[in-house]
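Protein sequence lines, in the order shown, are assigned to chains A, B and C.
Number 143 in my numbering belongs to position 143 of the first sequence; there are no gaps in the numbering.
Number 236 in my numbering belongs to position 79 of the second sequence; there are no gaps in the numbering.
Number 369 in my numbering belongs to position 55 of the third sequence; there are no gaps in the numbering.
All C-beta atoms in this analysis are idealised placements derived from N, C-alpha and C, irrespective of residue type, glycine included.
Report on the following structure.
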Amino acid sequence: MTLPETRQSITDLFYESAHCIDTDRLEEWIDFFTDDGVYKIVPKENYDRGLPAVIVWCDNKDMLRDRIVSLRNANIYNFHTDRHIIGNIRFLSEDAGVHAVESNYALYQTDPEGESRLFSVGIYMDKVVFLDGAAKFKERIVIVDTCAVHSMVSTPI
Amino acid sequence: MTLPETRQSITDLFYESAHCIDTDRLEEWIDFFTDDGVYKIVPKENYDRGLPAVIVWCDNKDMLRDRIVSLRNANIYNFHTDRHIIGNIRFLSEDAGVHAVESNYALYQTDPEGESRLFSVGIYMDKVVFLDGAAKFKERIVIVDTCAVHSMVSTPI
Amino acid sequence: MTLPETRQSITDLFYESAHCIDTDRLEEWIDFFTDDGVYKIVPKENYDRGLPAVIVWCDNKDMLRDRIVSLRNANIYNFHTDRHIIGNIRFLSEDAGVHAVESNYALYQTDPEGESRLFSVGIYMDKVVFLDGAAKFKERIVIVDTCAVHSMVSTPI
């Protein structure tokens with residue numbers, strides 16, 4: 001059983017990091033990862049079949065940083081506001097300080113005209129560690145149920 | 158006031174059982190019910206007016222098991238992935254070991270083409286008991302706000 | 315760090331007050347505010363730019379009460395059922411007994427035909443105090459991402 005304080009710290013990590021995305025502070029969002037932190041977005045279909053194709057694959061913090069820089073330069077036509085609802089957090093195991101945690105998300109996007117729509121639902125499959133008392137993502141794999149549209153969109157989920 | 162550990166165990170029950178549905182492990186989902194466990198899906202309109210018609214009514218675990226078997230045989234054309242977000246869990250009372258708990262849900266479904274849509278929103282009205290330390294549903298009444306479409310769909314919510 | 319019991323009480327406030335709206339008990343919903351409680355609904359666009367225009371602005375409990383009375387008289391053609399999912403609760407600070415807390419919401423509405431749709435997503439920015447041990451809203455600012463449609467709708471969120 002994960003201790004209540006640990007559950008709370010990991011839950012806070014999830015909410016604070018999502019809030020960085022929702023407020024377009026992507027550079028700060030990166031700091032919730034360890035230096036060797038992995039971030040992937042994988043279509044559920046590929047994940048289920050063991051197929052290798054992914055939407056995003058960053059193997060460490062530098063790759064994440066590069067991605068955000070390129071988003072800042074390239075993605076000038078895709079203005080939107082994100083809004084995350086993260087739920088159903090399940091604390092699966094702890095092994096040598098690495099916490100395996102899964103949670104469901106619904107991500108809504110609102111366009112500049114103020115219209116909101118469901119953008120993506122799926123599951124976060126995380127490995128969380130504590131560095132100097134602060135919870136960090138050692139690995140965040142996002143399995144997206146929704147892969148019909150917008151698979152070219154590469155903003156973080 | 159429900160104790161923090163009890164709240165956590167009941168919350169875990171909600172999330173683990175929903176995860177069984179989301180990963181199509183319906184046979185395991187049944188095991189979160191007591192042998193005499195009741196599972197009903199009721200349109201909100203009927204619930205509010207005291208009308209008897211329901212969408213699903215299983216009075217015990219055997220009926221639930223029958224339903225899942227029939228779903229496995231009959232429902233071969235309705236492939237989809239479920240994704241639950243459960244929120245707003247309210248611990249109402251405890252009486253002789255029976256916990257009355259309500260929570261809201263949003264259930265999204267994604268079709269084989271990878272398109273996601275809101276399938277159903279509503280409220281779970283549960284009676285939870287502990288058997289050998291494990292939280293189980295003695296009763297789960299699902300009041301569905303959404304009853305315009307798909308009322309013929311009989312997969313668990 | 316906000317204490318676990320305090321977090322739980324504030325979380326319960328959020329869920330109980332939302333449940334009042336979802337069950338159309340708006341008169342009871344008001345009682346979750348202090349006498350000088352402020353309730354505002356502000357479009358995110360205006361909030362981000364510091365523009366003064368808001369959708370709803372109630373400066374105290376009497377103004378809230380007036381609004382509900384007028385809704386009861388005027389809003390007879392907008393029948394719907396609300397369903398809130400509140401998530402990502404972040405406990406920001408405590409200062410002299412005032413807790414600053416933010417949370418995300420998704421609000422679904424179901425019409426009399428039983429069709430559900432996403433009505434609004436956004437963020438609650440709250441100041442919560444404790445009166446005789448009960449958590450109350452001293453201030454609830456609702457920043458709505460969704461402002462394209464239904465801005466004329468003035469039911470609580």
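Any C-beta of chain A under 8 Å from that of residue i
| i | result |
| --- | --- |
| C/VAL435 | yes |
| C/LYS441 | no |
Residue i: contacting residues in chain B (beta-carbon distance under 8 Å)
| i | result |
| --- | --- |
| C/ARG397 | ASN261, ALA263, VAL278, GLY279, ILE280 and ASP302 |
According to DSSP, residues forming a beta bridge with residue i
| i | result |
| --- | --- |
| C/LYS450 | C/VAL443 |
| B/ARG240 | B/TYR265 |
| A/ILE89 | In the DSSP output, where bridge partners are listed per residue, A/ILE89 has none listed. |
| B/HIS256 | B/GLU251 and B/VAL285 |
| C/ILE355 | C/VAL370 and C/VAL456 |
| C/VAL435 | C/ALA420 |
| C/SER430 | C/THR424 |
| C/PHE347 | C/PHE451 |
8 Å Cβ cutoff, residue i in contact with chain C
| i | result |
| --- | --- |
| A/SER116 | yes |
| B/GLU185 | no |
| A/THR110 | yes |
| A/PRO156 | no |
| A/ARG7 | no |
| B/LYS218 | no |
Chain B contact residues for residue i, given Cβ-Cβ distances below 9 Å
| i | result |
| --- | --- |
| C/ALA410 | Result: empty, since nearest Cβ-Cβ is about 26 Å, beyond 9 Å. |
Residue i at chain B interface by Cβ criterion, 8 Å
| i | result |
| --- | --- |
| C/ILE400 | yes |
| C/HIS413 | no |
| A/LYS40 | no |
Euclidean distance between Cα positions of residue i and residue j
| i | j | result |
| --- | --- | --- |
| B/SER277 | C/ARG431 | 9 Å |
| A/ILE85 | B/SER166 | 22 Å |
| A/ARG90 | B/ALA291 | 16 Å |
| A/ASP12 | C/ASN402 | 8 Å |
| A/LEU51 | A/PHE79 | 31 Å |
| B/PHE174 | B/LEU264 | Per the sequence shown, residue 174 of chain B should be read as Ser rather than Phe. Computed Cα separation, rounded: 14 Å. |
| C/ARG379 | C/TYR353 | 11 Å |
| B/GLU296 | B/LYS218 | 11 Å |
| A/LYS136 | A/ASP59 | 15 Å |
| A/THR6 | A/TYR105 | 21 Å |
| B/GLY271 | A/ALA148 | 4 Å |
| A/ASP111 | A/LYS44 | 26 Å |
| B/ASP252 | B/LEU288 | 15 Å |
| A/VAL128 | A/MET63 | 19 Å |
| B/THR238 | A/THR155 | 23 Å |
| C/TYR438 | C/PRO318 | 20 Å |
| B/SER250 | B/ASP192 | 23 Å |
| B/MET158 | C/PHE328 | 17 Å |
| A/TYR47 | A/GLY37 | 20 Å |
| A/GLN109 | A/GLY122 | 15 Å |
| C/ILE355 | C/ARG381 | 13 Å |
| A/ARG49 | A/ILE157 | 22 Å |
| B/ASP283 | C/ARG397 | 17 Å |
| C/SER465 | C/PHE346 | Only weak support is given to the placement of C/SER465: the predicted model assigns it a pLDDT of 46, under 50, and the question is left unresolved by the model. |
Residues that residue i contacts on chain A, provided the C-beta gap is smaller than 7 Å
| i | result |
| --- | --- |
| C/PRO318 | PRO4 |
Chain-ordered chain C contacts of residue i [CB-CB under 7 Å]
| i | result |
| --- | --- |
| A/GLU113 | ALA462 |
| A/GLU139 | Those within 7 Å of A/GLU139 in chain C number zero; the least Cβ separation is about 21 Å. |
Cross-chain neighbours of residue i in chain B, by beta carbon under 7 Å
| i | result |
| --- | --- |
| C/ALA449 | Here the premise fails: no neighbours, minimum Cβ distance about 13 Å. |
Chain-ordered chain A contacts of residue i [CB-CB under 9 Å]
| i | result |
| --- | --- |
| C/ARG404 | ASP12, TYR15, GLU16 and HIS19 |
Residue i: CB within 7 Å of a non-hydrogen atom of the ligand NAD
| i | result |
| --- | --- |
| A/TRP29 | In the structure shown, the ligand NAD is absent, as is every other ligand, since no ligand is present at all. |
Segment contact, 8 Å Cβ cut-off, at least three pairs: the stretch 295 to 303 of chain B with the stretch 197 to 217 of chain B | Yes, since at least three Cβ pairs between the stretch 295 to 303 of chain B and the stretch 197 to 217 of chain B fall closer than 8 Å, the two stretches touch.
Are three or more beta carbon pairs between the stretch 181 to 193 of chain B and the stretch 94 to 102 of chain A nearer than 8 Å?
-> Between the stretch 181 to 193 of chain B and the stretch 94 to 102 of chain A, the count of Cβ pairs shorter than 8 Å is below three; the stretches do not touch.
Taking three-plus beta-carbon pairs below 8 Å as touching, is the stretch 169 to 178 of chain B in contact with the stretch 63 to 75 of chain A?
-> Per the Cβ contact rule, the stretch 169 to 178 of chain B is not in contact with the stretch 63 to 75 of chain A (fewer than 3 Cβ pairs under 8 Å).
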